[in-house]
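Contents: one structure, followed by commentary.
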Amino acid sequence: MQANGGPREDGLVQSTKTETLIVEVSDNGVVTVTMNRPEKKNAANSVMWNELRDTWNEISIDPDVRAVVMTGAGDAFCSGADLGGQRQEMHQLQAMNMIHKTIQALYSIMVPVVAKVNGVAAGAGMNMALACDLIVASDQARFSEIFARRGLSMDFGGTWILPRMIGLHKAKELAFFGDVISAEQAAEFGIVNKLVPHAELDETVDDWTDRLASGPPLALAMTKRLLTMNATADFSAALEAEGYAQTVNFATSDTKEAVSAFLDKREPHFRGR
0 MQANGGPRED GLVQSTKTET LIVEVSDNGV VTVTMNRPEK KNAANSVMWN
50 ELRDTWNEIS IDPDVRAVVM TGAGDAFCSG ADLGGQRQEM HQLQAMNMIH
100 KTIQALYSIM VPVVAKVNGV AAGAGMNMAL ACDLIVASDQ ARFSEIFARR
150 GLSMDFGGTW ILPRMIGLHK AKELAFFGDV ISAEQAAEFG IVNKLVPHAE
200 LDETVDDWTD RLASGPPLAL AMTKRLLTMN ATADFSAALE AEGYAQTVNF
250 ATSDTKEAVS AFLDKREPHF RGR
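Counting in numbering that gives the first Met the number 0, the sequence shown runs from 0 upward without gaps.
What follows is the structure in structure tokens.
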């Protein structure tokens, strides 16, 4: 994904800014998407939904992208939908269709996506984090399925993802009450992969994305797809899907490189082909 500003230079990050997002591309193929409405705790209005969808769709077709980081500017990840900032001329069904296309775009990204949760993640903001593959949270992070407290039911994919992540009864508890839970509680529930002191958040995410970016792109993409698909498949279907994916892997130069590197006792250099 090429950001504005010309060709990439080794060691530098290229950056572009839209009305509601900052998109940065590192020289190792890590794209960081920062929601940039800090005065609204990064609440998503219709412009942000559209810009997120377009950005995620662009990421999905870029072969140079190795990993993605989702985060928020200021002291929040995303406080959910900006209920006062939606376009009044848009019918609610149209608005929900736009939101559905946005979360589908995130969920369809083939490479690993890491949510870097630096503060509050509420409502659609929490479910955006859940739709990422990994969640690294600061000890200052807070989570809430706040919908019921706003007279709403859950959306942005939360009713599908959350019970599969933490179990049906615990998901109902979070959904019915809309309580704000701490990062420590989220880790106990199994929502957060890694909880770190706030000062270590950037370093931890950088370490994870560097490792992901140096991994075998096709194999990781297929593993991600298999884990997602097979969460609701029967065992036989899961085995069949694994077989197809592994057949593809054995035909790639990355697998040959991994074997060669193992025999040579060196680190492999994966190229995604």
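Even for Gly, the Cβ is constructed at its ideal location relative to N, Cα and C.
So residue i and residue j are supposed to be a Cβ contact under 8 Å. How far apart are they, rounded?
i: K169; j: F188; result: 6 Å
i: A75; j: N41; result: 5 Å
i: M125; j: G71; result: Incorrect: roughly 12 Å between the Cβ atoms, too far for contact.
i: G79; j: G122; result: 3 Å
i: F142; j: M153; result: Incorrect: roughly 13 Å between the Cβ atoms, too far for contact.
i: R65; j: P216; result: 6 Å
i: R270; j: S252; result: 7 Å
i: V191; j: A136; result: 5 Å
i: E38; j: T17; result: Not really, about 16 Å apart at Cβ, beyond 8 Å.
i: L173; j: A182; result: Going by Cβ atoms, the distance from L173 to A182 rounds to 14 Å, so no, they are not a contact pair.
Going by other Cβ atoms of all chains shown within 10 Å of its Cβ, with 16 needed for buried, is residue i buried or exposed?
i: D26; result: exposed
i: N96; result: exposed
i: L105; result: buried
i: I134; result: buried
i: G10; result: Because G10 sits at a pLDDT of 42, beneath the cut-off of 50, its placement in the model cannot be relied upon, and the following sentence gives the value as read from the coordinates. It is exposed - the Cβ of G10 has fewer than 16 other Cβ atoms within 10 Å.
i: A114; result: buried
i: A185; result: buried
i: E144; result: buried
i: D132; result: buried
i: M127; result: buried
i: R36; result: buried
i: P111; result: buried
i: V258; result: exposed
i: D263; result: exposed
Which of the three DSSP states is assigned to residue i in this structure?
i: F76; result: strand
i: G156; result: coil
i: S59; result: helix
i: K255; result: helix
i: A182; result: helix
i: K115; result: strand
i: G214; result: coil
i: A120; result: strand
i: M34; result: strand
i: A260; result: helix
i: E18; result: coil
i: R272; result: coil
i: R149; result: helix
i: I190; result: coil
i: Q139; result: coil
i: M69; result: strand
i: E241; result: helix
Can you tell me which of the options puts its alpha carbon nearest to the alpha carbon of residue i?
i: R52; options: M69, K39 and R65; result: M69
i: H197; options: G214, G118 and L92; result: G118
i: N248; options: S213, L219 and S107; result: L219
i: T54; options: I165, I108 and L238; result: I108
i: F175; options: S213, L167 and H99; result: L167
i: H99; options: C77, W48, R148 and V195; result: W48
i: I102; options: A140, R148, R149 and A43; result: A43
Q) Touching or not, the segment 145-163 and the segment 194-203, by the rule of three or more beta carbon pairs under 8 Å? A) Taking a cut-off of 8 Å for Cβ pairs, the segment 145-163 and the segment 194-203 do not touch, as fewer than three such pairs fall below it.
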